[in-house]
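Structure, as structure tokens:
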Amino acid sequence: MISALTQNLPPQLSSQIQEQYDALVPVFRAYANSDNDKYYLEIRNNYDISCFILGLAIFYKSVIIPLREASSCFNDFRSKGDIREIQIGKYIFSNSDERRIKNMYNELLEILAKYNIPEHVLLFSDIKDFARNLNAYLDNKYA
Amino acid sequence: MPRRKGPFKDASILIRDIELFLTKHSSLFKSQGTRISHFFEMSCYNYVVKFYENNGFIVSPQNLKVGVFRYKISATGNPDNFSYFLISKNVKGSLYEFEVHHNLSIECAHESDIFYTADISVIKKDSIERINPPTYSARRSSCKSVNLETFFEVKHLSPFPELLFSFTGIPDSFLTKNPRSNIVQHLAPSLLMSGRANFHAEKIKKYLENRYGINIILNLFGTPSAVYSKKYPKQKIGTLS
């Protein structure tokens, strides 16, 4: 399922995300299969989609948030003096980049809102944290 | 009692929505995906500048090229060819002026002709020197430790013990600690990271901050304001006198 998230990324970034996912899935599976129903029952019952959300979370942290922050940084720079564009290496980051990122980010927020996926579930610190937060979220939805 | 329908009764709808989203924005991800780590570093640079703005400094971009801020993305290159921010503050009739640079070489405080490139550094105004050190075959621009007010190391990673502990050696080698005065204060040398801490990393962070007077600021994607907002307490150091 992770390939859907990585197929349009540059190879290096794509393999970084794939590697993170591959490293986390066995641990995530172990939590899902544990007999600790209090914390992991719902991810066991929704295992495939839980794995997809794990991939989405890695993608969100690795790609979406840095882009959002670049757009926000561009805005801040423009408010200081006469800056119109930012040159990063040979690339010129301009208004049109900012607009495209903003549109993309807002669309993703709409999707997350449609499924009530809270941002804190995606911004996890470790896999146990993610498994428990996702389980609590799923559990809430069924409560 | 039967359960109500969950959000993922038909999980395929979420997956389809995400796939459509990814397809629609594929060219954006392809083109900008190669610059992700630069974006993170640049954002951190922006947070540091914001810290000074929030503390009463006037911030002005320098060395623009027809409205273009030229961000230095690597250790190589002459700083004269890149942009930076000048920050200034008038305190009791004295004007304090510093420059906020990115990827600038700093000379060791204890040994001449050895250098470290700080991701972000705050230095005294006009203190970059063009030198020809015997340890390098090419001329290079650097700043002496006595002109380095503070610096920041940026890592687009989750915190892990080896990295957290290894940061503590850098201030010891590159920061001139005395004499400093508290008339103007800077953030103490800081490690800025995108990842969130687990319980262990959080404990290490607190220990290192207390022991070394540094900042380890984590989860910057979750709370970028942790760098610049007064709401988050941080270690500070006075200005070099």
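Residue numbers (the numbering used here), protein chains in the order written: chain A, 1 to 143; chain B, 1001 to 1241.
The beta carbon of each residue, even a glycine, is placed where N, CA and C say it ideally should be.
Just so it is clear, the structure is predicted and the values come from calculations on it, not from any experiment.
task: Give the DSSP bridge partners of B/Gln1062, in chain order.
output: Position 62 of the second sequence, counted from the first residue, corresponds to residue 1062 of chain B. According to DSSP, which records beta bridges pairwise, B/Gln1062 is partnered with B/Tyr1084.
field: Sequence-distant residues of its chain with Cβ nearer than 8 Å to B/Ser1166 (five each side left out)
entry: Residue mapping note: residue 1166 of chain B aligns to position 166 of the second sequence, counting from 1. Answer for B/Ser1166: no residue qualifies.
message: Given this structure, state the Cα-to-Cα distance separating B/Phe1160 from B/Glu1153, to the nearest angstrom.
response: The count along the second sequence starts at 1 and reaches residue 1160 of chain B at position 160. The count along the second sequence starts at 1 and reaches residue 1153 of chain B at position 153. For B/Phe1160 and B/Glu1153, the distance between alpha carbons rounds to 15 Å.
- prompt: How would you call B/Val1048, buried or exposed, if buried means at least 16 neighbouring beta carbons within 10 angstroms?
  reply: Here residue 1048 of chain B refers to the residue found at position 48 of the second sequence. Label assigned to B/Val1048: buried.
- prompt: Residues of chain A with CB under 8 Å from B/Thr1034, in chain order?
  reply: Locating residue 1034 of chain B in the second sequence gives position 34, where the first residue counts as 1. Within chain A, the residues near B/Thr1034 are Pro10, Gln12 and Leu13.
task: Along the alpha helix (DSSP H) that carries B/Lys1203, what are the first and last residues, could you check?
output: If you number the second sequence from 1, residue 1203 of chain B lands on position 203. It spans Phe1199 to Tyr1212 - the alpha helix (DSSP H) in which B/Lys1203 sits, taken as one unbroken run.
message: Between A/Tyr115, A/Asn95 and A/Ala136, which has its C-alpha nearest B/Leu1014's C-alpha?
response: Along the second sequence, one-based indexing puts residue 1014 of chain B at 14. Closest by C-alpha distance to B/Leu1014, out of A/Tyr115, A/Asn95 and A/Ala136, is A/Tyr115.
query: Of the choices B/Ser1141, B/Arg1130, B/Leu1157 and B/Pro1133, whose alpha-carbon is the least far from that of A/Ile126?
result: In the first sequence, residue 126 of chain A corresponds to position 126, counting from 1. The question names Ile, but residue 126 of chain A in the sequence shown is Asp. The shortest Cα separation from A/Asp126 among B/Ser1141, B/Arg1130, B/Leu1157 and B/Pro1133 belongs to B/Leu1157.
task: Would you kindly report the start and end of the unbroken beta strand (DSSP E) that includes B/Gln1235?
output: As a first step, residue 1235 of chain B must be located in the second sequence, where it is residue number 235. Looking at the DSSP string, B/Gln1235 is not in any beta strand (DSSP E), and its letter there is neither H nor E.
- prompt: Is it true that the CB of B/Phe1082 sits closer than 8 Å to the CB of B/Arg1245?
  reply: A query on residue 1245 of chain B cannot be resolved here, the shown segment of chain B reaching from 1001 to 1241 and no further.
query: Comparing alpha-carbon positions, which option in A/Pro26, A/Asp139, A/Ala131 and A/Arg68 lies nearest B/Phe1221?
result: Here residue 1221 of chain B refers to the residue found at position 221 of the second sequence. That would be A/Arg68, whose Cα lies nearest to the Cα of B/Phe1221.
Buried/exposed call for B/Lys1231, threshold 16 Cβ in 10 Å: Numbered from its first residue, the second sequence carries residue 1231 of chain B at position 231. Counting Cβ neighbours within 10 Å, B/Lys1231 comes out exposed, since fewer than 16 surround it.
task: Measure the CB-CB distance between B/His1102 and B/Lys1124 and report whether it falls below 8 Å.
output: Your numbering for residue 1102 of chain B matches position 102 in the second sequence. Your numbering for residue 1124 of chain B matches position 124 in the second sequence. It is not a contact, given that the beta carbons lie outside the stated cut-off.
message: Cutting at 7 Å between CB atoms, please list the residues of its own chain near A/Gln20, excluding the five before and the five after it.
response: Counting from 1 along the first sequence, the entry for residue 20 of chain A is found at position 20. If we look at A/Gln20 and ignore the five residues flanking it on each side, its Cβ neighbours are Ile58.
- prompt: If you measure beta-carbon to beta-carbon, which residues of the stretch 42–54 of chain A are closer than 7 Å to chain B?
  reply: Asn46, Asp48, Ile49 and Phe52
- prompt: When we look at the beta-carbon of B/Arg1139 and count the other beta-carbons within 10 Å, is it buried (16 or more) or exposed?
  reply: The residue given as residue 1139 of chain B occupies position 139 in the second sequence. Exposed: under 16 other Cβ atoms inside 10 Å.
message: Would B/Ile1131 and B/Ser1121 qualify as a contact pair, given that the criterion is a beta-carbon distance under 8 Å?
response: For the purposes of this step, residue 1131 of chain B is taken as the residue at position 131 of the second sequence. For the purposes of this step, residue 1121 of chain B is taken as the residue at position 121 of the second sequence. No, the pair does not count as a contact, with Cβ atoms beyond the cut-off.
- request: Give the C-beta separation of B/Tyr1096 and B/Thr1239 to the nearest angstrom, bearing in mind that I take them to be a contact with Cβ-Cβ under 8 Å.
  value: What you label residue 1096 of chain B is simply residue 96 of the second sequence in a count that begins at 1. What you label residue 1239 of chain B is simply residue 239 of the second sequence in a count that begins at 1. Contact holds; Cβ gap of about 7 Å.
query: Beta-carbon separation of B/Phe1115 and B/Ser1088 under 8 Å?
result: Taking the second sequence and counting its residues from 1, one reaches residue 1115 of chain B at position 115. Taking the second sequence and counting its residues from 1, one reaches residue 1088 of chain B at position 88. It is not a contact, given that the beta carbons lie outside the stated cut-off.
- prompt: Can you check whether the CB of A/Lys128 is closer than 8 Å to the CB of A/Tyr47?
  reply: Numbered from 1 along the first sequence, position 47 holds the residue referred to as residue 47 of chain A. Numbered from 1 along the first sequence, position 128 holds the residue referred to as residue 128 of chain A. Result no, Cβ atoms of A/Tyr47 and A/Lys128 do not sit closer than 8 Å.
query: Mind listing which residues of the stretch 81–101 of chain A have their C-beta closer than 9 Å to chain B's C-betas, in chain order?
result: Gly81, Asp82, Ile83, Arg84, Glu85, Ile86, Gln87, Ile88, Gly89, Tyr91, Ile92, Phe93, Asp97, Arg100 and Ile101
query: According to the Cβ coordinates, are B/Ile1018 and A/Leu56 closer than 8 Å?
result: Counted from its first residue, the second sequence places residue 1018 of chain B at position 18. Counted from its first residue, the first sequence places residue 56 of chain A at position 56. Yes, they are a contact pair.
- request: With a cut-off of 8 Å on the beta carbons, I'd call A/Lys80 and B/Pro1061 a contact; round off their distance for me.
  value: Within the first sequence, the letter at position 80 stands for residue 80 of chain A. Within the second sequence, the letter at position 61 stands for residue 1061 of chain B. Yes, they are in contact, since the Cβ atoms of A/Lys80 and B/Pro1061 sit about 6 Å apart, within 8 Å.
query: Quick one: complete beta strand (DSSP E) runs, 3+ long, within the stretch 31–106 of chain A?
result: 85–88 and 91–93
- request: Please go through the same chain and pick out, in chain order, the residues whose beta-carbon is closer than 6 Å to the beta-carbon of B/Thr1117, but skip the five residues on each side of it.
  value: Walking along the second sequence from the start, residue 1117 of chain B turns up at place 117. Cβ within range, chain order: Ala1075, Asn1103 and Ser1105.
Contact check, B/Gly1067 vs A/Ile83, beta carbons under 8 Å: Reading the second sequence from its first residue, position 67 is the one you call residue 1067 of chain B. Reading the first sequence from its first residue, position 83 is the one you call residue 83 of chain A. Their beta carbons are under 8 Å apart, which means B/Gly1067 touches A/Ile83 by this criterion.
- request: Given a cut-off of 8 Å, decide if B/His1110 and B/Thr1150 are closer than it, judged by their beta-carbon atoms.
  value: Along the second sequence, one-based indexing puts residue 1150 of chain B at 150. Along the second sequence, one-based indexing puts residue 1110 of chain B at 110. No, the pair does not count as a contact, with Cβ atoms beyond the cut-off.
- prompt: In chain A, which residues lie less than 9 Å from B/Pro1224 when you measure between Cβ atoms?
  reply: The residue you call residue 1224 of chain B lines up with position 224 of the second sequence. Residues of chain A passing the Cβ test: Glu69 and Ser72.
- prompt: In whole angstroms, what is the alpha-carbon distance linking B/Glu1209 and A/Leu123?
  reply: As a working mapping, residue 1209 of chain B is identified with position 209 in the second sequence. As a working mapping, residue 123 of chain A is identified with position 123 in the first sequence. About 24 Å.
- prompt: Is B/Leu1192 close to chain A, meaning its C-beta is less than 8 Å from at least one C-beta of that chain?
  reply: Here residue 1192 of chain B refers to the residue found at position 192 when the second sequence is read from its first residue. Taking Cβ atoms only, chain A never reaches closer than 8 Å to B/Leu1192, which makes this a no.
- request: Tell me the start and end of each unbroken beta strand (DSSP E) in the stretch 1082–1136 of chain B that is at least 3 residues and wholly inside, in chain order.
  value: Taking 3 residues as the shortest admissible run, the stretch 1082–1136 of chain B contains the following complete beta strand (DSSP E) segments, listed from N- to C-terminal end: 1084–1091, 1094–1107, 1115–1124 and 1128–1131.
- request: Below 7 Å CB to CB, which residues in the same chain sit around A/Asp139 once its five sequence neighbours on both sides are set aside?
  value: By one-based count along the first sequence, residue 139 of chain A stands at place 139. Here the set comprises Glu42.
- prompt: Counting only beta-carbon atoms, is B/Ser1060 nearer than 8 Å to chain A?
  reply: Counting from 1 along the second sequence, the entry for residue 1060 of chain B is found at position 60. It does: the Cβ of B/Ser1060 has a partner Cβ on chain A nearer than 8 Å.
Which of helix, strand or coil DSSP assigns to B/Lys1144: Within the second sequence, residue 1144 of chain B is the residue found at index 144, counting from 1. Of the three classes helix, strand and coil, the one that applies to B/Lys1144 here is coil, per DSSP.
- prompt: Going by Cα to Cα distance, which pick from B/Asn1054, B/Arg1180, B/Tyr1207 and B/Met1193 is closest to B/Phe1040?
  reply: As a working mapping, residue 1040 of chain B is identified with position 40 in the second sequence. Minimum Cα-Cα distance from B/Phe1040 among the listed residues B/Asn1054, B/Arg1180, B/Tyr1207 and B/Met1193 corresponds to B/Met1193.
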